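Protein chains in written order, with full-length UniProt numbering: chain A, 1 to 469; chain B, 1 to 469.
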């Protein structure tokens, strides 16, 4: 049983650290973007060094006080807000934002966990390199949170999830032990892979304090196109064609369903898609190319080959960087349109690529018994990661469907699971999907997870209630 | 304390499984390629299904009998041979070699752990895809062993280590629990990353029985060159230049020191390098290109740009697939030359790229006090992974240096560690480097490793004595 972060404990923490490190919680520390949960906390700690993080955890471990690690607060599954139980300490990394080193020749950057993602991207650009993690929240999320949740985004297809963008970690384990694994090595088989165990564990096994990140060469040229496709199946065949022609230089391959643009027309009428009428299915394709390939010609060559096979029916190839940005902006506004309409239930799912057309065809039928809905299906098709979100019909509100929300979610998740997919693709488990993990997770995996959690955090202080019960 | 796999226990196992599964150890099950250790075993089990593996582990776990998982027997650090303690059961995956599924559109292949690596490559090729893991032992090593050791090889620079080539695993945990994580998903954040914990754990946390592997598009064109460079530092600058021009399409970047070719001239005089005199340092570069780039022209363009900056002084660009193979063969024969000379001490190390020139300059001085030696330095420069191997002078034998072998190794490893490198880069820890791991490993990492090992394998039956004491 945990103890609360009460005034006496707060006083202990204040005595431990330099002045100003412990503050009362501010609203931002207790909110989350979807407004579903209201967090609670006895205090917020803002350590400035790894040693201070270690001192905090050691003290919380001894006292049995829960700790909720906090990055940018942008998580969508409630991993950053503890809503019940004894009030925890929120441990914010917001003051650990230093660049520890930049190594262009090594394609590596060493940063503290509190650095904002956009700053990480900028530091990489400063040395002529690319840090490819690209998220809607990049102006406010922090790299430590990206690592803790193994964030995805639009460039996973080419460059991998956050896990694959990390060479090494520095972290503090639940009892205050420092793990120094901040190497800048591409090959290192000295010991178990604690790095990847901590990445994606959502703050339940320790606090990531710094990371050595993998950078990439900046492609010599980029080109973006928005292509109309006859079906999701055709989109997948187009993806194979693009990868075969271009040896993996497809940097992004995003599916856009017509509903996404319908929502923009309803809620942001100034935004104009380049098609009229808007086709049922489109893909946004980004290529990152080497020297010697003319970007418009490479995309046009792909378009022609695809058109000859009936895989595309129309398209716009950006002729400039600004036109490419404008096409990306259409894609990036889709979540804003969703917010303005107001979803009944949102699903961050992944599927084996070959199961996607069948899922898209079958899923509306799986929720039909719960009412009449509109569906916006979009996302990172190249990764098999769809956002399949359910909305009320025009003139109706999400509140009307509150009673069936859980059943809609379960019906979608049951279908995903039956097709070999995951119901927690890129946003993590947090507190929102803890029940789903218990329901769909492999029993052997869950048993091993519990054993590891008990071994590293025997008092259960780290992010209590997230991921596991 | 473990119990031996004695005749009574062997009889129990025989009663458990269909006939023919349990055999007496054959010499191949007890040997290892460097001839340093002689393994022992009470019996060899050759299960044909995952359920049989589970039954075996459950029985060994209950009885406290050690289990040594065995793939192709090609490991170079003694991970596959238990030399002391109560005789273990060797669990060979050699009969679990089935292809479970091939998915070209998904770029995925699902195979059992006993499939020979060359077969995995062939299955990928059969569906028009590339499985890029490429090792000297690929004709006899098995994918389960590659995963257990997180094997490296010559294409890590572009495609990653074995860990990054794996989408999901099926494994049996030490107590016989099945872990079914055989998904074909590119994004899946539902739970802790057991996959990557098992990968590289060298059979100490369970037995990998099957894997879902990541495939890649086959580059439209490839080209190979052997380039003379003035120094290792120039080679690294050349690598940066190549990556910047070619957006990461450098598939291999291997360093070759003159000593490697000197050894071939001594031991395999029919083999002729394309340079006379042989330069001190060379790199073998492989590019894998998209449609639209002429391969010889792309390599020639790189050569000219590099020559203009003084980064290359001479070179041979293969004009055909056969010529490219011939250049690769020179690289691949270097370990054979090493074997024929006979090393005093071999080191599989990795370093931050920027530390490599300093290491190469300083390392001979670090071993000078132990005698007069020749050094063959070669390896996967793009990954910071060098094989820095120490040999006797001409006319002398390795036996003369037996007394200083450990001290030579320690001096090299001390230097690597002081530069932020790893002394177990791509071959793993096994039994050879257990002492090095204890000596150089981060104390926090070692504490967490021991806690995880105790949690998942409380009786310590899995590969006793490998990796950890």
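By construction, the Cβ of each residue, glycine as well, lies at the ideal position given by its N, Cα and C atoms.
Computed from a predicted model, the values in this text were never measured in an experiment.
{"Asked": "Residue nearest to residue 10 of chain B in terms of C-alpha spacing, selected from B/30, B/60 and B/463", "Found": "B/60"}
{"Asked": "Closest by C-alpha distance to residue 400 of chain A, when choosing among A/385, A/7, A/380 and A/370", "Found": "A/370"}
{"Asked": "Ordered list of beta strand (DSSP E) runs contained in the segment 289-371 of chain B, each at least 3 residues", "Found": "314-317 and 348-350"}
{"Asked": "Backbone CA spacing between residue 229 of chain A and residue 358 of chain A [nearest angstrom]", "Found": "17 Å"}
{"Asked": "Interface partners of residue 414 of chain A on chain B, CB under 7 Å", "Found": "What residue 414 of chain A touches in chain B: nothing, since even the nearest Cβ is about 15 Å away."}
{"Asked": "Inter-stretch contact (C-beta, 8 Å, three-pair minimum) for the segment 166-186 of chain A and the segment 127-141 of chain A", "Found": "no"}
{"Asked": "Contact under 8 Å by Cβ, residue 225 of chain A with residue 317 of chain A", "Found": "yes"}
{"Asked": "Closer than 7 Å: residue 142 of chain B CB and nearest the ligand NAP heavy atom", "Found": "The model on display carries no ligand, and the ligand NAP is accordingly not part of it."}
{"Asked": "Outcome for residue 418 of chain B when other beta-carbon atoms lying within 10 angstroms are tallied against a minimum of 16", "Found": "exposed"}
{"Asked": "Run of the beta strand (DSSP E) containing residue 146 of chain B, from where it starts to where it stops", "Found": "Premise fails: residue 146 of chain B lies in the alpha helix (DSSP H), 143-148, not in any beta strand (DSSP E)."}
{"Asked": "Proximity to residue 310 of chain B [Cα-Cα], best of B/463, B/234 and B/439", "Found": "B/234"}
{"Asked": "CB contact below 8 Å: residue 353 of chain A versus chain B", "Found": "yes"}
{"Asked": "Residue range of the beta strand (DSSP E) that includes residue 391 of chain B", "Found": "385-392"}
{"Asked": "Beta-carbon gap between residue 407 of chain B and residue 393 of chain B smaller than 8 Å", "Found": "no"}
{"Asked": "Selection of the segment 212-242 of chain A by Cβ proximity to chain B, strictly under 7 Å", "Found": "216, 217, 219, 220, 236 and 240"}
{"Asked": "Residue 384 of chain B to residue 236 of chain B span [Cα, whole Å]", "Found": "10 Å"}
{"Asked": "Separation of residue 46 of chain A from residue 209 of chain A, as counted between CA atoms", "Found": "12 Å"}
{"Asked": "Chain-order list of residues whose beta-carbon lies under 7 Å from that of residue 291 of chain A (same chain, five-residue window excluded)", "Found": "220"}
{"Asked": "Rounded distance between the beta-carbons of residue 426 of chain A and residue 348 of chain A, thought under 8 Å", "Found": "6 Å"}
{"Asked": "Residue 257 of chain B versus B/246, B/281 and B/269, residue with shortest Cα-Cα distance", "Found": "B/281"}
{"Asked": "Spatial distance of residue 435 of chain A from residue 37 of chain A (CA atoms)", "Found": "16 Å"}
{"Asked": "Closer than 8 Å at the beta carbon, the chain A residues around residue 429 of chain B", "Found": "189, 190 and 191"}
{"Asked": "Proximal chain A residues relative to residue 317 of chain B, where beta-carbon distance stays under 8 Å", "Found": "Near residue 317 of chain B there are no residues of chain A at all, since even the closest Cβ is about 16 Å away, more than 8 Å."}
{"Asked": "Residue 454 of chain B to residue 91 of chain A span [Cα, whole Å]", "Found": "29 Å"}
{"Asked": "Within-8 Å CB hit, residue 438 of chain A to chain B", "Found": "no"}
{"Asked": "Member of B/469, B/443, B/240 and B/217 whose CA lies at the smallest distance from the CA of residue 246 of chain A", "Found": "B/217"}
{"Asked": "Residue-level contact to chain A via CB, residue 183 of chain B, 8 Å cutoff", "Found": "yes"}
{"Asked": "Residue range of the unbroken alpha helix (DSSP H) whose run includes residue 201 of chain B", "Found": "Here residue 201 of chain B belongs to no alpha helix (DSSP H), and DSSP marks it neither H nor E."}
{"Asked": "Interface flag, residue 247 of chain A vs chain B, CB-CB below 8 Å", "Found": "yes"}
{"Asked": "Reference residue 450 of chain A; option with closest CA among B/351, B/367, B/193 and B/428", "Found": "B/193"}
{"Asked": "Alpha-carbon to alpha-carbon, residue 333 of chain A and residue 313 of chain A", "Found": "24 Å"}
{"Asked": "Residues near residue 457 of chain B by beta carbon distance below 6 Å, same chain, minus five either side", "Found": "174"}
{"Asked": "Proximity to residue 126 of chain A [Cα-Cα], best of A/143, A/137, A/152 and A/99", "Found": "A/99"}
{"Asked": "Beta-carbon spacing of residue 103 of chain A, residue 354 of chain B below 8 Å", "Found": "yes"}
{"Asked": "Minimum Cβ-Cβ distance from residue 445 of chain B to chain A less than 8 Å", "Found": "yes"}
{"Asked": "8 Å Cβ cutoff, residue 449 of chain B in contact with chain A", "Found": "yes"}
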